[in-house]
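Worksheet for the structure shown next.
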């Protein structure tokens, strides 16, 4: 009876691990899409609303889902109490603190980090160029993430169950 309970626990934990990994592949394209929409909203606020960067970031943060909203909200809050720190430094700090809560990879982080070097430094036309470039690059990453999701999501679900079954078989 105890062996059966142990085998079921191993099988369950391996299956749950497989589903967790599959969920990571599923979350990544969604979060990249959230960042793209947030940057498009930021572009709209800058171009058409002539909104200052801090207010634009707050508006974007209010329309984004978690965990993407945390990056924009933290940046906007810190800009309010900047104390002479440049926007790019605050952006980098926000990314460093909040990126770990996302399912996105280093490629997306590099794109968003590079965008931070231009925020608040130039006129709105130049910022829009950089935003559009970042959006275009993120779109490429989104396409790659969708391909990975299609390829690996089902595999991880099955692999978790099969690895659990293999461990149980090897134990008996």
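Residue numbers (our numbering): 69 to 240. Idealized CB from N, CA, C, for every residue including glycine. Note that the structure is a prediction, hence the values are computed from the model and not measured.
Proximal residues to residue i (C-beta, below 6 Å), its chain only, five neighbours per side dropped
| i | result |
| --- | --- |
| residue 224 | 86, 89 and 90 |
Residues near residue i by beta carbon distance below 7 Å, same chain, minus five either side
| i | result |
| --- | --- |
| residue 100 | 172, 176, 206, 209, 210 and 213 |
| residue 79 | 232, 233 and 236 |
| residue 155 | 121, 147, 187 and 188 |
| residue 83 | 228, 229 and 232 |
Nearest to residue i (by Cα), restricted to the options the options
| i | options | result |
| --- | --- | --- |
| residue 219 | 93, 82, 129 and 83 | 93 |
| residue 166 | 135, 129 and 217 | 135 |
| residue 81 | 229, 239 and 240 | 229 |
| residue 133 | 157, 158 and 98 | 98 |
| residue 162 | 84, 70, 184 and 195 | 184 |
Residues near residue i in its chain [Cβ-Cβ closer than 8 Å; skip 5 each side]
| i | result |
| --- | --- |
| residue 200 | 111 |
| residue 104 | 203, 206, 207 and 210 |
Start-end ranges of the alpha helix (DSSP H) lying completely within the stretch 143-189, minimum 4 residues:
155-166 and 174-184
So, does the stretch 97-116 touch the stretch 141-154, judging by three or more C-beta pairs under 8 Å?
no
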